[in-house]
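**Q** Chains as they are written, first to last, in this note's numbering: chain X, 7 to 285; chain P, -11 to 316.
Ideal placement from N, C-alpha and C gives every residue a C-beta, glycine not left out.
Bear in mind that the values here come from a model prediction, so they are computed numbers and not experimental data.
Have a look at this one:
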């Protein structure tokens, strides 16, 4: 078959557009590779066991991020304790209970909340918690993170519950089980692995949050002694070291970033590995 | 009296049937609890607006509408004008969109329309990993890697070739609007491309088959798909815009944090989110704090509206086609 000139041009255009979109993809993946390898290279040189267990010290004396690691763990635990049950309950409402306009309003608000800047959540928690308590605290930081977590967990819970086949519910209902037993005994267990996946991704997401902690948890140079006091976190420490003028602190910021990224990428890759078939 | 008495049982039975269609006490408690948590979400949003608004009152009363148009921000002299931050936020977000939209569309088209599935799956995951990197990490990388690269290899040629435009004038430091926009572009690319991917995947295959059957090339078929998904793609872009407007740490670390309005992309700027992050803990008097909270209120309202529009647009494409898919 002989191609006319315009046909050849059309093929040429089509081929070059394919190349162009491939280039876009290579650029995006390349940026990821560049950022990650750079973090690994810079971070590994300042990383050692003492750095992981010590508290920060003045410039020139070393010091570490032990308190920030413990602080981040405490904040994440607080956030999960409130955020996961509330998120799952909202998801259950959206998929099993809610009907009509109110359910639509809730779904819309939950969807829109995931796009609200986290710094605004921080300002809100400052206004209603910190101003009332009159000081920064781990509680305030945990509440801010929990508020960011709830919509994420709610949406994944709703999606995962929707994947549970209706025949399972109908079977349980036909046996005479009330709705709450169907939900807790049949639907939620069937969706459990998906919900756990969503919760893990939400934890990975909030473990990288900095802005909502700046004026709620604030930060601290010591190991946490109570939840009613300001508390350190990895992200705030990275920020403070990054904008400082000292090379030593910059190196520590890279090392702390490596620790944080290991945690976040670890969660993302593990989750992906275990849910390969689902997504 | 009689009327009220007459209505009562029917209202009772209505509540009962709404709470528990099965007439089971456990179900009533269960439904009520789940409803209460869902209502908490609504209360949370309303409470957020009320709390932010009530704490902005001193500034709202003191400066009124002039707050939005004031070009000077000088806390020691209690002069508070938000325009430099609004300008910085919009300018950096626009730069981000200009870079990110073609890139994200390219990525999404490649992954949905062109790449074989053995390649598309892992690459999709890698692109999504870009969204998992925390803002503060982008900021750190921005200060020490991106800013020097732009300062040495990108901004000087731009100034040399396009220096006649006001956009590319002024001292080159690597810290400013352009760097903020580029870092935002990297951050919103995985978000826009993920939503565009969903939208393209939701376009029915019959569209592609029809185009191919008419003799269209791969790219011409892709154009048909893009036109079909246009509202959803618009939604994805607006979603990316919302994310860029509210992004805080990374921008704060590379944009220079100076409340000045300048056309030059090399000039330092300041965004709504950045000024809150930087000055909130330093705000000593009430009017200063109130002004910062008002900036937060503006940020909340703008991102809320932007996200709402985006959601509606994306829903329109993905939901109707999902329904059509079910029907077919």
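When DSSP builds the beta bridges, which residues end up paired with residue 62 (chain X)?
**A** X:69
**Q** Where DSSP assigns a beta bridge to residue 168 (chain P), which residues make up the other side?
**A** Beta-bridge pairing links residue 168 (chain P) to no other residue.
**Q** Tell me the rounded alpha-carbon separation between residue 24 (chain X) and residue 186 (chain P).
**A** 19 Å
**Q** Run through DSSP, which three-state label would residue 117 (chain X) get?
**A** helix
**Q** Counting only beta-carbon atoms, is residue 292 (chain P) nearer than 8 Å to chain X?
**A** yes
**Q** Could I get the ranges of all uninterrupted alpha helix (DSSP H) runs contained in the stretch 171 to 256 of chain P, with 4 residues as the minimum, in chain order?
**A** 193 to 201, 206 to 216, 218 to 234 and 237 to 242
**Q** Which partner residues does residue 255 (chain X) have in the DSSP bridge list?
**A** Bridge partners of residue 255 (chain X): none, in fact.
**Q** Would you check if the distance between the CB atom of residue 240 (chain P) and the CB atom of residue 216 (chain P) is smaller than 8 Å?
**A** no
**Q** Nearest-angstrom Cα distance between residue 257 (chain P) and residue 84 (chain P)?
**A** 15 Å
**Q** With 8 Å as the limit, tell me which residues of the stretch 232 to 264 of chain P have their beta carbon closer than that to any beta carbon of chain X; keep them in chain order.
**A** 233, 234, 235, 236, 237, 241, 261 and 264
**Q** Is residue 67 (chain P) helix, strand or coil by DSSP?
**A** strand
**Q** In chain A, which residues lie with their C-beta within 7 Å of the C-beta of residue 17 (chain X)?
**A** Considering every chain present, this structure includes no chain A. Its protein chains are X and P.
**Q** Under the three-state reduction of DSSP, which class applies to residue 62 (chain P): helix, strand or coil?
**A** strand
**Q** Select from X:33, X:11, X:60 and X:186 the residue whose C-alpha is nearest the C-alpha of residue 227 (chain X).
**A** X:60
**Q** Taking 7 Å as the limit between beta carbons, can you name the residues of its chain near residue 88 (chain P), skipping five residues before and five after?
**A** 173, 176, 177, 180 and 228
**Q** Any beta carbon of chain P sitting closer than 8 Å to that of residue 134 (chain X)?
**A** Chain P contact via Cβ: present.
**Q** Which residue marks the beginning of the alpha helix (DSSP H) containing residue 102 (chain P), and which one marks its end?
**A** No alpha helix (DSSP H) contains residue 102 (chain P), which DSSP labels as neither H nor E.
**Q** Buried or exposed for residue 102 (chain X), please, with buried defined as at least 16 other CB atoms from any protein chain shown within 10 angstroms of its CB.
**A** buried
**Q** What's the gap between the Cα of residue 138 (chain P) and the Cα of residue 245 (chain P)?
**A** The C-alpha of residue 245 (chain P) is placed about 18 Å away from the C-alpha of residue 138 (chain P).
**Q** Can you give me the C-alpha to C-alpha distance between residue 120 (chain X) and residue 279 (chain P), rounded to a whole angstrom?
**A** For residue 120 (chain X) and residue 279 (chain P), the distance between alpha carbons rounds to 25 Å.
**Q** Per DSSP, what kind of secondary structure is residue 141 (chain X) in: helix, strand or coil?
**A** When secondary structure is reduced to three states using DSSP, residue 141 (chain X) falls in the coil class, being assigned neither helix nor strand.
**Q** Helix, strand or coil for residue 315 (chain P) per DSSP?
**A** With a pLDDT of 39 at residue 315 (chain P), under the threshold of 50, the predicted position of this residue should be treated as unreliable, and no value is reported.
**Q** Tell me which same chain residues have a C-beta within less than 7 Å of the C-beta of residue 271 (chain X), skipping the five on either side of it?
**A** none
**Q** Against residue 278 (chain X), what residues of chain P qualify as contacts under a CB-to-CB distance less than 8 Å, listed in chain order?
**A** 113
**Q** Closer than 9 Å between beta carbons: that is the criterion. Which residues of the stretch 110 to 131 of chain X meet it against chain P?
**A** 111, 112, 114, 115, 116, 117, 118, 119, 120, 121, 122, 123, 124, 125, 126, 127, 128, 129 and 130
**Q** Does any CB atom of chain X fall closer than 8 Å to the CB of residue 195 (chain P)?
**A** no
**Q** Hey, is the stretch 155 to 169 of chain P in contact with the stretch 139 to 147 of chain P, meaning 3+ C-beta pairs nearer than 8 Å?
**A** yes
**Q** Use the C-beta contact count for residue 64 (chain X): other C-beta atoms within 10 angstroms, 16 or more gives buried, fewer gives exposed.
**A** exposed
**Q** Please return the same chain residues whose Cβ sits closer than 8 Å to the Cβ of residue 274 (chain P), not counting the five positions on each side in sequence.
**A** Taken in chain order, the residues that qualify are 46.
**Q** Closest to residue 192 (chain P) by CA distance: which of P:104, P:290, P:262 and P:213 is it?
**A** P:213
**Q** I want to verify the contact list: residues of chain X whose CB lies under 8 Å from the CB of residue 274 (chain P), in sequence order.
**A** Chain X residues near residue 274 (chain P): none, gap ~11 Å exceeds 8 Å.
**Q** With the cut-off set at 8 Å, would you say residue 55 (chain P) and residue 61 (chain P) are in Cβ contact?
**A** no
**Q** Going straight from the alpha carbon of residue 147 (chain X) to that of residue 195 (chain P), what length do you get?
**A** Within the model, the alpha-carbon separation for residue 147 (chain X) versus residue 195 (chain P) is close to 50 Å.
**Q** Hey, how far is the Cα of residue 26 (chain P) from the Cα of residue 130 (chain X)?
**A** Between residue 26 (chain P) and residue 130 (chain X), the C-alpha separation is close to 20 Å.
**Q** Could you name the residues of the stretch 67 to 101 of chain P whose beta carbon sits closer than 9 Å to any beta carbon of chain X, in the order they occur along the chain?
**A** From the stretch 67 to 101 of chain P, only 90, 91, 92, 93, 94, 95, 96, 97, 98, 99 and 101 have a Cβ closer than 9 Å to chain X.
**Q** Taking all protein chains shown into account, decide if residue 43 (chain X) is buried (16 or more other Cβ within 10 angstroms of its Cβ) or exposed.
**A** exposed
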